[in-house]
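Chains A and B supply the protein sequences, listed in that same order. Yeah, the first sequence ends on 268 if you go by the numbering used here, and it's all consecutive. Yeah, the second sequence ends on 268 if you go by the numbering used here, and it's all consecutive. Backbone N, C-alpha and C fix where the C-beta goes; we use that ideal spot for every residue, glycine too. Take a look at the structure set out below.
Number of protein chains: 2
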Amino acid sequence: MYLRALTGLAEGGTTTCSSEELAATAGVNSAKLRKDLSYLGSYGTRGVGYDVEYLRYQIAREIGVTQDWPVVIVGIGNLGHALANYSGFRSRGFRVVALLDADPDRHDEVVAGLDVRSFEDLEAIVKEDAVSIGVIATPAVAAQSVADRMVAAGITSILNFAPTVLTVPDGVDVRKVDLSIELQILAYHEQRKSIAPGSEVVS
Amino acid sequence: MYLRALTGLAEGGTTTCSSEELAATAGVNSAKLRKDLSYLGSYGTRGVGYDVEYLRYQIAREIGVTQDWPVVIVGIGNLGHALANYSGFRSRGFRVVALLDADPDRHDEVVAGLDVRSFEDLEAIVKEDAVSIGVIATPAVAAQSVADRMVAAGITSILNFAPTVLTVPDGVDVRKVDLSIELQILAYHEQRKSIAPGSEVVS
DNA sequence: AGGAGTTTGTGAACGGGAGAACAAAACGGC
DNA sequence: GCCGTTTTGTTCTCCCGTTCACAAACTCCT
Ligand SMILES: NC(=O)c1ccc[n+]([C@@H]2O[C@H](COP(=O)([O-])OP(=O)(O)OC[C@H]3O[C@@H](n4cnc5c(N)ncnc54)[C@H](O)[C@@H]3O)[C@@H](O)[C@H]2O)c1
Ligand SMILES: NC(=O)c1ccc[n+]([C@@H]2O[C@H](COP(=O)([O-])OP(=O)(O)OC[C@H]3O[C@@H](n4cnc5c(N)ncnc54)[C@H](O)[C@@H]3O)[C@@H](O)[C@H]2O)c1
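Shown next, in the form of C-alpha cells:
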C-alpha cells in the first residue's frame, strides 16, 4: 500500500513527504506507518520526512518487485480473461508468461497477445521460465487438483480465486481472493445498519 | 467461510458434524470455530456436534443472506464483465440488478442478460430497487467520483476493485480487493524463500 | 440406571498489532 | 554557533483475536 501511495505521490511530482502525508495517502495511521517503515531501515530524515523516490525504491526492493516475477494463470474463463487483459500487473512487477486451460476448445484463442495453451504444458512452462507464482481461476472443483499439479511442477506461491480451501505442503504459500465473502461481509454490516441505526464500523 | 464449508458438507450428504470436522473443512482451528459460533448462540449439542442444515441456516440468517441483496456494478470493462457473468453471487444471496458504464459505446451491449446502462441512471436504479451495495470496477482515477455518486444516491456499502483509497462518510462501509497487493505479498515471501530457505509462513 | 466416551462452550493465558507519546535528530533563522 | 521548530524512530501501553484447557452436557452401551 505504501508503495502504491508513493508511486502516486511521485507521479504527482512530490519529491519529499512526511509520514503524516504518506499515511493520509495510504489511508493508515502515521505512527503505524513510521513503525512499519522502521522495520526496513532508517530511510527518513528527522525534521524533513522521506524522499519519495528513494523510499519507493527501498520498499520495492524489500518486497522484491524490482525484478519481474513470471506468473502463469490457469483457467481462462470469465475471470481468467479479465486477469490476462489486466495491464496493472505488468506495471507492478509481474509478467504473465502463460495462460492455461483444460478445455481444448479454448486452445484456439489468443488472449492479451498470448496463446491459451493446454494445462499439460504446465511443467514445461514452469521449468522454462522459472515460474514460481501461479494463479488459479478454475471452478472450485478443479482448484485442488490444479494446485497439486502446480506444486508438483515447482510453483511455490499460489493466488486462488476459487472458493475452496486449498491444502498444500509446507513451504508453499497460498493467498485466496474470495469475492462472495467480501460481499457477505458487506451484507452483514448492511443488515445491522437497518436493525440498529448509528452503529457502524468497518475494518 | 463456515457458511461455505457447511454448504459443502450439506451437498456431500453430511447431516451432522463436529467442530473438528467443520474446522478442518473451513481451514481453521476448532477452538476458534467454536468460539465464533458461540457468539451466535448455542446451536451445537455436546457429545454430538452441530446439525449441518440448522447451523447453516442460523449463520445465513445472522449474516443476512437469507434474503437477496440487490447489487449494482459500475465499470463494465474486463473485470466488470467477469463479475457480471459470475453465477456464484446469485447462489450466495446477491442479485446483480444493473450494470453501469460511463462509456456510451458500451451501452449497446448486453452482458449476462442485462443491458449495460448509463452511469446517469444510478440514482433511479438505486431508488427503484432499494440497492444498498455497489461494486466499483472502473479505472482508479474514476473510483472516488463513482464512490461519491454512489453515496449520494444512497448506497451504503461499496466493494472496490480499483487500486485507490476511497474516502467515504461515516456509516458507509468500503471493502477493497487489491490483486496487485496480493501478488506482491506472494512475491515478498517468494523472495525470502530464495534468500533464507526453510523459513516460510503465510497468513 | 450408571459409567465411559465425546464434544461443546468458555474462562484464562498468550501473542501481537495499533496508537499515544516522547526523546533524538535534523534543519533554518538569527 | 545556538535555539526553536519540525519530524522521525521507538518505547510503552492497551486492546483484541487466537489458542489451550477443562468443566459441563449429551449419547450410547451395558
Ligand atoms: N467470474 C468472477 O467474477 C468470479 C468471481 C468470484 C469468484 N470466481 C471464481 O473464479 C473461478 C473462475 O470463475 P470463472 O467465472 O472464470 O469461471 P469459468 O467457468 O468462466 O472459467 C473456468 C475456466 O477454467 C477451465 N478449467 C476447468 N477445469 C480446469 C482444470 N482442471 N484445469 C485447467 N482449467 C480448467 C475451464 O475450461 C474454464 O475455461 C471460479 O472458481 C469462480 O468461483 C469468479
Ligand atoms: N482486470 C483485472 O483483472 C483487474 C485486476 C486487478 C484490478 N483491476 C482494477 O479494476 C478496475 C477495472 O479494471 P478493468 O481491467 O476492468 O478496466 P477496463 O478499462 O477494462 O474497464 C473500466 C471500465 O470502466 C468504465 N468507466 C471509466 N470511467 C467511468 C466512470 N467514471 N463511471 C463509470 N464507468 C466508467 C470504462 O468505460 C470501462 O468500461 C481497474 O481499477 C483495475 O485497476 C482489474
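DSSP beta-bridge partners of residue i
{"i": "Val191/B", "result": "None, per the DSSP bridge assignment."}
{"i": "Phe226/A", "result": "DSSP output for Phe226/A lists no bridge partner at all."}
{"i": "Leu164/B", "result": "Ile138/B and Val181/B"}
{"i": "Lys241/A", "result": "Asn225/A"}
{"i": "Asp116/B", "result": "Thr81/B"}
{"i": "Val176/A", "result": "Leu179/A"}
{"i": "Ile124/A", "result": "Ile124/A pairs with nothing; no bridge assigned."}
{"i": "Gly199/A", "result": "Val137/A and Ile223/A"}
{"i": "Phe159/B", "result": "Trp134/B"}
{"i": "Thr110/B", "result": "Gly114/B"}
Contact test: residue i Cβ vs ligand 1 heavy atom, cutoff 7 Å
{"i": "Phe184/A", "result": "yes"}
{"i": "Pro169/A", "result": "no"}
{"i": "Pro228/A", "result": "yes"}
{"i": "Ala91/A", "result": "no"}
{"i": "Asp101/B", "result": "no"}
{"i": "Leu248/A", "result": "no"}
Proximity test, residue i beta-carbon vs ligand 2 heavy atom, cut-off 7 Å
{"i": "Asn150/A", "result": "yes"}
{"i": "Thr203/B", "result": "yes"}
{"i": "Leu120/A", "result": "no"}
{"i": "Ser210/A", "result": "no"}
{"i": "Asn143/A", "result": "no"}
{"i": "Ala163/A", "result": "no"}
{"i": "Ala177/A", "result": "no"}
Closest Cα partner of residue i within the set the options
{"i": "Arg214/A", "options": "Cys82/A, Ile246/A and Glu188/A", "result": "Glu188/A"}
{"i": "Val162/B", "options": "Val200/B, Asp168/B, Gly129/B and Arg171/B", "result": "Val200/B"}
{"i": "Gln256/A", "options": "Arg126/B, Val206/B, Lys97/B and Ile190/B", "result": "Arg126/B"}
{"i": "Arg157/B", "options": "Pro228/A, Lys241/A and Tyr67/A", "result": "Pro228/A"}
{"i": "Thr72/B", "options": "Val233/B, Gln123/B, Lys258/B and Val113/B", "result": "Gln123/B"}
{"i": "Gly114/B", "options": "Gly78/B, Ser84/B, Ser259/B and His172/B", "result": "Ser84/B"}
{"i": "Gln209/B", "options": "Ser197/B, Ile220/B and Val230/B", "result": "Val230/B"}
{"i": "Gly145/A", "options": "Asn94/A, Arg160/A and Thr203/A", "result": "Thr203/A"}
Within chain A, partners of residue i - CB distance below 9 Å
{"i": "Gly184/B", "result": "In the sequence under discussion, the amino acid at residue 184/B is Phe, which differs from the Gly named in the question. By Cβ distance, chain A contributes nothing, its closest Cβ being about 20 Å from Phe184/B, past 9 Å."}
Under 7 Å by beta carbon: chain A residues contacting residue i
{"i": "Ser197/B", "result": "Glu255"}
Residues that residue i contacts on chain A, provided the C-beta gap is smaller than 8 Å
{"i": "Tyr151/B", "result": "Asn143, Leu144 and Leu244"}
{"i": "Val130/B", "result": "Gln249 and Ala252"}
Interface partners of residue i on chain B, CB under 7 Å
{"i": "Glu247/A", "result": "Leu224, Arg240 and Val242"}
{"i": "Met66/A", "result": "Ile246"}
{"i": "Arg69/A", "result": "Pro228"}
Residue i: contacting residues in chain B (beta-carbon distance under 9 Å)
{"i": "Gly92/A", "result": "Val230, Leu231 and Thr232"}
{"i": "Gly158/A", "result": "Ser245, Leu248, Gln249 and Ala252"}
Contacts that residue i makes with chain B (C-beta to C-beta distance below 8 Å)
{"i": "Gly114/A", "result": "Here the premise fails: no neighbours, minimum Cβ distance about 19 Å."}
{"i": "Thr221/A", "result": "Glu255 and Lys258"}
{"i": "Arg214/A", "result": "The contacting residues do not exist; Arg214/A stays about 18 Å from chain B at best."}
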